[in-house]
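Each residue of the sequence shown is one higher than the last, beginning at 1 in the UniProt record's numbering. Below: the structure, in structure tokens.
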Amino acid sequence: MAYYRQVGEIPPKRHTQFRTPDGGLYYEELMGEEGFSSDSSLLYHRHIPSALVDASPWQLPDLTTQANHPLKPRHLKLHDLFPGEEWKRHDVVTGRRLVLGNSDVRLSYVVAGESSPLYRNAIGDECAYVESGEGVVETVFGVLPFRTGDYVVLPRATTHRWVPSGDTPLRVYLIEANSHIVPARRYLSKWGQFLEHAPFCERDLHGPAEPLLAEGEDVEVLVKHRGGAGIVGTRYVYPRHPFDVVGWDGCLYPYTFNIADFEPITGRVHQPPPAHQVFEGAGFVVCNFVPRKVDYHPLAIPVPYYHSNVDSDEVMFYCGGNYEARKGSGIGQGSVSLHPGGHAHGPQPGAYERSIGVEFFDELAVMVDTFRPLELGEGGAATEDEGYAWTWSGRGPR
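Okay, here's the thing in structure tokens:
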């Protein structure tokens, strides 16, 4: 994280006695990255955080993938994954379906109406984009309220649960890393402060404001972790509720950032995707395209030029407005496009010409660029528009 926060009660000096009102000791836990060599926070528990009374296997949702072969651009209709009233019985943790993935990152989607079980991802950070809906994420650090347009960034091994509110479906697009997810480093000083050219800053990031204390015995927590040759799950049972932190401080904690607070970088001619970057992880970056004034050179062509991603696969999740470059392709709200390395892509036929003279784009999309090839998960394969690859030519295979 870019800056220090303190929430609740903490002792005046770290690693010293911190006593409860009745004279007992609180239990200090260091939650840190890169083996004591990077960002961390100190949490003060009422109970011993290591105490367990049971551990058993947890069967994860289907995480198998299949290669993008033959190599094709693909259109995946995520809103088809949860038809009718099915969403009412799903939660954000156990109901998510894998859309695309590789050894660095997994992209999933869920429509939920139920509160999730307590959950911890011990493999990497999670960055969830809330397409629609509201509620709170309860965490060991405190409560994070969320709303439509929020990114919810959850550091690796943060115990949490999703609690939707209202009667409308909660739609969440999940970016699960095998690493940490941080703001783009070029926006930060060498000490981690946001620089003046950054399209967002510390004021736009919202962490927990106060501790969350809960009571309970024999409390289950689902843990996703590495095991054998892949990813496995374990169901822990704790003797006391893990939400027992009376205070914490440090630079590692969950937070939200709303996409409406991203200030777009524009220019006289078309700006490349790095101008829209928001986060990065090992092997991928996250960008967002927001409503904005577009290129104002008198001869500008505002939609993207045709481009070949020779080093990456490009994934766009379309979550609002009208994406000018894709008109005529069948892509709409809730669509994902995959444009793989090795394929030149760009605007649909007619979009290049139609964009001339346009001054404003009303579009909203989250993009993930990966530097290793992506494979199709079961959710992606189940919702593919088989005709998308041929929409630039207007004709199908011979």
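Positions of the beta carbon are idealized from the N, C-alpha and C atoms, including for glycine. Because the structure is a prediction, the values reported are computed rather than measured.
Could you check how far apart the C-beta atoms of residue i and residue j are, in whole angstroms? I think they sit under 8 Å.
{"i": "Leu-338", "j": "Arg-74", "result": "4 Å"}
{"i": "Arg-97", "j": "Gly-379", "result": "3 Å"}
{"i": "Asp-249", "j": "Leu-213", "result": "Actually they are not in contact, since the Cβ atoms of Asp-249 and Leu-213 sit about 17 Å apart, beyond 8 Å."}
{"i": "Val-92", "j": "Val-110", "result": "5 Å"}
{"i": "Arg-235", "j": "Leu-222", "result": "6 Å"}
{"i": "Glu-220", "j": "Leu-118", "result": "7 Å"}
{"i": "Val-285", "j": "Val-315", "result": "No, Val-285 and Val-315 are not in contact; Cβ-Cβ is about 11 Å, not under 8 Å."}
{"i": "Pro-208", "j": "Thr-266", "result": "34 Å between Cβ atoms; not a contact."}
{"i": "Pro-347", "j": "Val-303", "result": "5 Å"}
{"i": "Arg-156", "j": "Ala-122", "result": "7 Å"}
{"i": "Tyr-3", "j": "Cys-251", "result": "7 Å"}
{"i": "Met-31", "j": "Ser-41", "result": "5 Å"}
Return the CA-CA distance between residue i and residue j, expressed in angstroms with no decimal places.
{"i": "Arg-89", "j": "Ala-112", "result": "7 Å"}
{"i": "Pro-57", "j": "His-307", "result": "46 Å"}
{"i": "Pro-61", "j": "Glu-126", "result": "16 Å"}
{"i": "Thr-158", "j": "Pro-242", "result": "11 Å"}
{"i": "Asp-80", "j": "Thr-148", "result": "20 Å"}
{"i": "Glu-375", "j": "Asp-313", "result": "10 Å"}
{"i": "Ile-231", "j": "His-225", "result": "6 Å"}
{"i": "Pro-272", "j": "Val-237", "result": "49 Å"}
{"i": "Tyr-305", "j": "Val-358", "result": "15 Å"}
{"i": "Leu-76", "j": "Val-153", "result": "24 Å"}
{"i": "Val-130", "j": "Gly-341", "result": "28 Å"}
{"i": "Ala-51", "j": "Leu-71", "result": "49 Å"}
{"i": "Glu-29", "j": "Thr-383", "result": "44 Å"}
{"i": "Tyr-173", "j": "Arg-120", "result": "18 Å"}
{"i": "Gly-95", "j": "Glu-114", "result": "10 Å"}
{"i": "Asp-22", "j": "Pro-11", "result": "16 Å"}
{"i": "Trp-162", "j": "Trp-87", "result": "14 Å"}
{"i": "Asp-150", "j": "Asp-204", "result": "11 Å"}
{"i": "Lys-13", "j": "Glu-34", "result": "23 Å"}
{"i": "Tyr-253", "j": "Phe-360", "result": "36 Å"}
{"i": "His-69", "j": "Gly-394", "result": "21 Å"}
{"i": "Tyr-388", "j": "Gly-377", "result": "18 Å"}
{"i": "Thr-370", "j": "Gly-124", "result": "16 Å"}
{"i": "Ser-116", "j": "Gln-193", "result": "34 Å"}
{"i": "Glu-215", "j": "Gly-233", "result": "25 Å"}
{"i": "His-345", "j": "Thr-64", "result": "27 Å"}
{"i": "His-180", "j": "Trp-191", "result": "18 Å"}
{"i": "Lys-293", "j": "Val-368", "result": "22 Å"}
{"i": "Pro-145", "j": "Trp-392", "result": "42 Å"}
{"i": "Leu-364", "j": "Phe-36", "result": "38 Å"}
{"i": "Gly-228", "j": "Arg-268", "result": "52 Å"}
{"i": "Glu-176", "j": "Gly-101", "result": "9 Å"}
Could you pull out every residue in the same chain whose Cβ sits closer than 8 Å to the Cβ of residue i, ignoring the five residues on either side in sequence?
{"i": "Tyr-27", "result": "Tyr-44, His-45, Arg-46, His-47, Ile-48 and Pro-49"}
{"i": "Thr-20", "result": "Tyr-26 and Arg-46"}
{"i": "Ser-103", "result": "Asn-178, Gly-283 and Arg-372"}
{"i": "Gln-17", "result": "Pro-11 and Leu-25"}
{"i": "Leu-78", "result": "Val-99, Tyr-109, Tyr-173, Phe-317, Gly-334, Ser-335, Val-336, Gly-379 and Thr-383"}
{"i": "Ile-301", "result": "His-270, Asp-295, Tyr-352, Ser-355 and Ile-356"}
{"i": "Ser-132", "result": "Thr-148, Thr-168, Pro-169, Leu-170 and Arg-171"}
{"i": "Gly-55", "result": "The residue you asked about is not Gly; residue 55 is Ala in the sequence shown. The answer, listed in chain order, is Thr-234, Arg-235, Tyr-236 and Val-237."}
So who's on the other strand from residue i, going by DSSP bridges?
{"i": "Arg-120", "result": "Val-223"}
{"i": "Phe-279", "result": "Pro-183 and Val-286"}
{"i": "Trp-248", "result": "Val-7 and Leu-43"}
{"i": "Gln-66", "result": "Leu-376"}
{"i": "Gly-230", "result": "Gly-227"}
{"i": "residue 401", "result": "With the chain covering only 1 through 398, there is no way to say anything about residue 401."}
{"i": "Val-175", "result": "Here residue 175 is Ile; the residue named in the question, Val, does not match the sequence. DSSP lists Leu-107 and Cys-127 as partners of Ile-175."}
{"i": "Asp-54", "result": "Val-237"}
{"i": "Ser-355", "result": "Paired residues: none, contrary to the question."}
{"i": "Pro-318", "result": "For the record, residue 318 in the displayed sequence is Tyr; it is not Pro. In DSSP, Tyr-318 forms a bridge with Ala-365."}
{"i": "Asp-313", "result": "Thr-370"}
{"i": "Leu-76", "result": "Val-336 and Glu-384"}
So, for residue i: in the same chain, excluding its five sequence neighbours on each side, which residues have a beta-carbon less than 7 Å away from its beta-carbon?
{"i": "Asp-362", "result": "Pro-291, Gly-321 and Asn-322"}
{"i": "His-206", "result": "Tyr-255 and Thr-256"}
{"i": "Val-182", "result": "Phe-279 and Glu-280"}
{"i": "Pro-211", "result": "Val-7, Gly-8, Gly-142, Val-245, Val-246 and Gly-247"}
{"i": "Ala-67", "result": "Glu-375"}
{"i": "Leu-195", "result": "Tyr-187, Leu-188 and Ser-189"}
{"i": "Asp-385", "result": "His-75, Lys-77 and Gly-330"}
Counting only the same chain and skipping the five closest in sequence on each side, list residues whose C-beta sits under 6 Å from that of residue i.
{"i": "His-270", "result": "Asp-295"}
{"i": "Glu-134", "result": "Arg-147 and Ser-165"}
{"i": "His-343", "result": "Pro-73"}
{"i": "Val-366", "result": "Tyr-129, Asn-288 and Phe-317"}
{"i": "Ala-82", "result": "Inspection of the sequence shows that residue 82 is occupied by Phe rather than by Ala. So the list reads Val-111, once near-sequence residues are dropped."}
{"i": "Gly-396", "result": "Trp-390"}
Under 8 Å, Cβ to Cβ, is there at least one residue of chain C near residue i?
{"i": "Gln-277", "result": "Here there is only one protein chain, and chain C is not present."}
On the three-pair Cβ rule with 8 Å, is the stretch 200–214 touching the stretch 255–264? Cβ pair count under 8 Å is three or more, so yes.
Inter-stretch contact at 8 Å, needing at least 3 Cβ pairs: the stretch 272–282 / the stretch 184–192: yes
If you pair each beta-carbon of the stretch 317–336 with each one of the stretch 350–364, do three or more pairs fall below 8 Å? yes
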